[in-house]
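**Q** Residue numbers for the sequence shown follow numbering that gives the first Met the number 0, beginning at 0 and rising by one.
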Amino acid sequence: MAEEFSYLQFRVEDKVGIITLNRPDKLNAISWELAEELSGLLHRLRFHDEVCTILLNGAGRSFCSGADVNFICGESERPIPGTSDPSRPIPRSQRKTPGGPFFEVTRQLVAVDKPVIVAIQGHAVGAGLAYSIACDRRFGDTTTKMAAIFTNIGVAPDCGLSYFLPRIVGFSNALMMVETAKVFKAEECKALGLLDELVPEGQAFAAAFEYAKLLAQRASVAVDMARRMIHMSQVSTLEEILDYEGHAGVAVASTLDAKEGTLSFLEKRKPVYRGM
0 MAEEFSYLQF RVEDKVGIIT LNRPDKLNAI SWELAEELSG LLHRLRFHDE VCTILLNGAG
60 RSFCSGADVN FICGESERPI PGTSDPSRPI PRSQRKTPGG PFFEVTRQLV AVDKPVIVAI
120 QGHAVGAGLA YSIACDRRFG DTTTKMAAIF TNIGVAPDCG LSYFLPRIVG FSNALMMVET
180 AKVFKAEECK ALGLLDELVP EGQAFAAAFE YAKLLAQRAS VAVDMARRMI HMSQVSTLEE
240 ILDYEGHAGV AVASTLDAKE GTLSFLEKRK PVYRGM
């Protein structure tokens with residue numbers, strides 16, 4: 000994929016699509032333009048079979064310091080319903096989804112239909128926290144600080160944080176986080192479940208990349224469908240999931256990797272998966 004970006008860096012290595020938020024001077028605060036680039040790239044990556052896993056990270060000393068306050072306050076060139084002058088024209092699409100591409104990033108982190116791993120150093124707060132907990136697995140280093148800081152600036156949680164946070168840290172802890180906006184250090188983040196893996200300073204990307212490569216070498220259709228099942232289970236009944244597992248199982252069984260996986264097991268050898 001040969002694409003040029005203004006606020007992202009992107010490359011593919013060992014079947015891992017590496018996306019880097021690239022506003023280090025702003026601690027990778029999410030601007031409207033960055034959100035458009037990121038949500039658009041995630042949407043396209045769903046259809047690129049050479050990318051089996053996605054690794055999200057940030058340039059510089061922080062993963063993401065949240066949404067750009069210039070947009071949130073309503074004073075930027077792009078109006079926002081609620082804070083901008085009501086007389087300013089707002090696109091119809093944004094009237095229906097006030098967060099525009101900011102919200103679309105979260106939607107595409109799930110809809111990309113491939114594992115998304117995130118490497119965190121420094122801050123992952125506000126929208127940065129929301130995006131990180133929407134990912135499949137979070138690797139942080141000892142500099143990591145995470146917080147649902149929304150109420151500190153008088154706004155409510157967004158970007159899907161209200162959906163993912165209680166599922167990860169529990170109902171009571173989620174309430175505490177959004178009500179107090181407390182900043183948690185790395186060890187506290189690990190204890191809460193906000194981080195899945197905690198590594199020494201400067202090692203988050205390397206550890207996350209090794210994990211992403213491991214997933215990319217597996218039977219990718221089976222992995223992607225398994226991921227989809229887990230997401231669906233969050234909003235489905237047991238009967239619905241059993242039906243879906245049956246249909247998905249037939250689809251996955253038709254792949255070349257399923258044939259290779261079963262034969263290699265019977266032949267007592269390591270499988271060679273092709274992602275097909």
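Ideal Cβ positions, reconstructed from N, Cα and C, are used throughout, including at glycine.
Bridge partners of residue 139, per DSSP?
**A** 119 and 197
**Q** Would residue 219 be called buried (16 or more neighbouring beta carbons within 10 Å of its own) or exposed?
**A** buried
**Q** Among 251, 152 and 59, which has the Cα closest to the Cα of residue 222?
**A** 251
**Q** Using the Cα positions of residue 235 and residue 241, report the straight-line distance between them to the nearest angstrom.
**A** 10 Å
**Q** Just tell me which of 227, 244, 228 and 204 has its CA closest to the CA of residue 18.
**A** 204
**Q** In the DSSP output, what is residue 56 paired with across the bridge?
**A** According to DSSP, residue 56 bridges with 19.
**Q** Going by alpha carbons, who is nearest to residue 76 out of 89, 65 and 27?
**A** 89
**Q** Using 8 Å as the cut-off, can you tell me whether the stretch 193–210 makes contact with the stretch 223–233, which would need three or more C-beta pairs spanning the two stretches below that distance?
**A** Fewer than three beta-carbon pairs drawn from the stretch 193–210 and the stretch 223–233 are found closer than 8 Å, and the two stretches are therefore not classed as touching.
**Q** I'd like to check one pair, residue 5 with residue 32: are the Cβ atoms closer than 8 Å?
**A** yes
**Q** Would you identify the three-state DSSP class for residue 269, choosing helix, strand or coil?
**A** coil
**Q** According to the Cβ coordinates, are residue 256 and residue 273 closer than 8 Å?
**A** Between residue 256 and residue 273, the C-beta spacing is below 8 Å.
**Q** Using only alpha-carbon positions, find the residue among 11, 125, 95 and 30 that is nearest to residue 277.
**A** Residue coverage of the chain in this structure runs from 0 to 275, which leaves residue 277 outside it and unanswerable.
**Q** Is residue 117 near residue 27, with beta carbons less than 8 Å apart?
**A** Result no, Cβ atoms of residue 117 and residue 27 do not sit closer than 8 Å.
**Q** Inspect the CB distances between the stretch 160–167 and the stretch 127–137 and report whether three or more fall short of 8 Å.
**A** yes
**Q** Quick one, are the C-beta atoms of residue 158 and residue 208 less than 8 Å apart?
**A** no
**Q** Where residue 179 and residue 275 are concerned, what is the direct C-alpha to C-alpha distance, given to the nearest angstrom?
**A** 48 Å
**Q** CB-CB under 7 Å to residue 13, same chain, minus the five flanking residues each way: which ones, in chain order?
**A** 212 and 215
**Q** Grab me the residues of residue 263's own chain with a C-beta within less than 6 Å of its C-beta, minus the 5 sequence neighbours each way, in chain order.
**A** 270
**Q** Should residue 105 go down as buried or exposed, given a rule of 16 or more other Cβ atoms within 10 Å for buried?
**A** buried
**Q** Name the residue from 182, 46 and 9 whose alpha carbon lies nearest to the alpha carbon of residue 121.
**A** Selected option, being the one with the closest Cα: 182.
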